[in-house]
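Counting from 1, one number per residue, gives the positions in the sequence shown under full-length UniProt numbering.
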Amino acid sequence: MSTSHSPTVRRRRLASELRRLRESSNLTCEEVAAHLECSAAKVSRIETGRTGVNPRDVRDMLVLYGVEGERQNALIDLARMAKLKGWWHNYGDVLTGGFAGMEAEASSIRTFESLVVPGLLQTERYALAVFRAVRPKAAPNEVERRVSARMARQGLLSSDHGPKYWAVLDEGALRRRVGDADVMREQLDRLVKMSSLPNVEIQVLPFSAGGHAASDGPFVMLGFPDPLDPTVVYVESLTSALYLEKPEEIRLYSTVFDHVRAAALGTEESVALMAAMAEELA
């Protein structure tokens, strides 16, 4: 699985650059829309990365902004590459919102989870039990598709250029039985095994830590190798998801992660605890 060709991230990068160029040209969305003969709402969606943009429109926008030569060609090429399809498009019926595309290009992933084991660390049987619990009315083929997509994502961590992955798991997420005892034992064994990867660190936030900075709930922070792509915080709910990018939001979540990391057991202690929990289920 490639980590260097994510159309989702390229669309985000293009959107940011087009917005910057418009603002530096002192033009409003309405003025650009008039030039493109489209709605201001469309220009806004392009600049926020919520919709794609064809290379022809990008060329017209760049001409309006006075961008020429190699810079213009580079941005038009970026627009073409942003329209390519990543592996996750094969799962478009169960994967939405572009998270998989950004995850695929991340150079670092920091996550806090208080409810269940994070998707990138789940076994197939654990993932199946999770989806059956979360979507009790889903058809069997939908559940199978969701599990298949989740398993496909996991190649990221073991790839040659996989991201640095740092997870802090609340002890409750490990104690809560998802599936039967055999499913949980297999899941705990997998966490111990994944902890041995050079790019993976797993810490357990024990019950004894008491109240903590991440009490508002789970989140994921995605960092990228290119400085033009700012860190993103992903917060998911049952019906929607938030992508936070403002500097003050990133600083807040970075501080929260640092606090729960400091309150959690060290990596060796965490591995020992997870191994002991697996033994309890034997």
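Even for Gly, the Cβ is constructed at its ideal location relative to N, Cα and C.
* **Coarse secondary structure for residue 110, derived from DSSP in three states** => strand
* **Span of the alpha helix (DSSP H) around residue 74** => 69–82
* Sub-8 Å separation of residue 58 and residue 36 beta-carbons -> no
* Asked: In terms of DSSP beta bridges, what is residue 170 paired with?
  -> 205
* Asked: Hey, which unbroken runs of the beta strand (DSSP E) at 3 residues or more fall wholly within the region 114–150?
  -> none
* So the alpha helix (DSSP H) residue 99 belongs to, where does it begin and stop? -> 99–105
* In or out: residue 2 buried (at least 16 other Cβ within 10 Å) or exposed? -> Confidence in residue 2 is poor, its pLDDT being 36 and thus under 50, which makes the residue's placement unreliable; the coordinate value appears in the next sentence. Result: exposed.
* Asked: So, helix, strand or coil for residue 33, using DSSP?
  -> helix
* Just the Cα atoms here: how many angstroms apart are residue 93 and residue 116? -> 23 Å
* C-alpha gap between residue 233 and residue 32, whole angstroms -> 30 Å
* Neighbourhood of residue 253 by C-beta distance below 8 Å, restricted to the same chain and skipping five residues each side -> 219, 221, 233 and 244
* **Sequence-distant residues of the same chain with beta carbon closer than 8 Å to residue 80, five excluded per side** => 55
* With contact counted as at least three CB pairs below 8 Å, one residue from each stretch, are the region 258–267 and the region 152–162 in contact? -> no
* Asked: When DSSP labels each residue in this structure, what does residue 164 get in the three-state scheme?
  -> strand
* **With 16 other Cβ atoms within 10 Å as the buried cut-off, status of residue 103** => buried
* Same chain, Cβ closer than 7 Å to residue 108, neighbours up to 5 away in sequence not counted -> 163, 164 and 223
* Under a three-way DSSP split, which group does residue 178 fall into? -> coil
* Asked: Taking the C-alpha atoms as reference points, what is the distance between residue 183 and residue 85?
  -> 34 Å
* To do: Buried or exposed for residue 248, please, with buried defined as at least 16 other CB atoms from any protein chain shown within 10 angstroms of its CB.
  => exposed
* To do: Tell me where the beta strand (DSSP E) around residue 234 begins and ends.
  => 232–236
* Under 8 Å between the Cβ atoms of residue 112 and residue 168? -> yes
* Between residue 205 and residue 171, which are expected to be in contact by the criterion C-beta below 8 Å, what is the C-beta distance as a whole number of angstroms? -> 6 Å
* So is the beta-carbon of residue 154 under 7 Å away from any non-hydrogen atom of the ligand GTP? -> The ligand GTP is not among the ligands present in this structure, which contains no ligands whatsoever.
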